[in-house]
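Following the working numbering, the numbering of the sequence shown begins with 975 at its first residue and continues without gaps. Using N, Cα and C, we set each Cβ at its ideal position, and we do this for glycine too.
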Amino acid sequence: MSRIISPGIFRRSKIKAFFTTKKSASAGRTISALTDIPENRIYKPVQKHTDNVIVVGYDMKPRVADAVLTRRKGILVGVSVADCVPVLVYDPVRMVCGSVHAGWRGTAKGILKNTLDVMTGEFFSNPSDIIMAIGPAIRWCCYSVGIEVLESVMSSTGDGDYHTKSGNRICLDLSSANRQQALSMGVDESKIWMSDECTYCYPERYYSYRYSRGSMGRQGGFIGMFTD
Ligand SMILES: [Zn+2]
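Listed below in structure tokens is the structure:
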């Protein structure tokens, strides 16, 4: 079982960008051992299902946010997830990268759109330059929700091909909803990589909050710009 998933879309970039599995989890110490990056150069925000986007530079103190961007080279920024959607973003022109945690609440609040807003507004990113990877999360097959959850996600995402019905169940695909949010912001379809694995379908490979009914384990998504 591999410890790391490296989206092919970043292959030509001078960055480290990867998703972890149950085996590698998301603790700073483990990620440090895996990457040879010192633990004090690995930043994870205090996640609270908010729509806060922070920019991290030399001040690495923990702050409440569910998306973290950086222009600083030599650090990794990451999020922890177990069913929620981890998204990695990178603009190779403006040299900014980041990591986003999007559960249904974050998706309903438009956390990924907020992240892209900061990239375009503060760092002058052109959305069509942005490369994006959407990591393993709970998918349509295993994520049935109430109508109020679907409606709140639709309020930020618009309608689209990210939900379906199976009998009386509403099946929601947050990965596709986030993909749709990115497309609506002008990200190029060909620059979005999306995992096809479902965390609930592969409990031996991934932590799944729903499968384990609330286990504390998490995998992660990490990204950073390095010169070598
Ligand atoms: Zn599934």
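6 Å CB neighbourhood of Gln1021 in its chain, flanking five on each side removed:
Asp1040 and His1075
In the DSSP output, which residue or residues are listed as bridge partners for Tyr1017?
Val1051
Residues whose Cβ lies closer than 6 Å to any heavy atom of ligand 1, in chain order
Arg1113, Cys1115, Cys1116, Cys1172, Tyr1174 and Cys1175
As assigned by DSSP and simplified to three states, the class of Cys1116
helix
Secondary structure at Arg1192, three-state DSSP: helix, strand or coil?
coil
With burial defined as no fewer than 16 other Cβ atoms inside 10 Å of the residue's Cβ, what is the status of Ile1121: buried or exposed?
exposed
Buried or exposed, going by whether 16 or more other CB atoms sit within 10 Å of the CB of Ala1007?
exposed
For Ile1197 and Asn1152, the rounded distance between their alpha carbons:
18 Å
Applying the 10 Å Cβ sphere with the 16-neighbour rule, what's the burial state of Phe1098?
exposed
With 16 other Cβ atoms within 10 Å as the buried cut-off, status of Met1199
buried
So for Asp1025, helix, strand or coil by DSSP?
coil
Need the endpoints of the alpha helix (DSSP H) that Arg1143 sits in, please.
No alpha helix (DSSP H) contains Arg1143, which is instead part of the beta strand (DSSP E) from Arg1143 to Leu1146.
Cβ pair Ala1107, Val1059 closer than 8 Å
no
Cβ neighbours of Gln1155 in the same chain (closer than 6 Å, five flanking residues each side left out):
Leu1086, Lys1087 and Thr1131
Nearest-angstrom Cα separation, counted from Val1123 out to Arg1045:
34 Å
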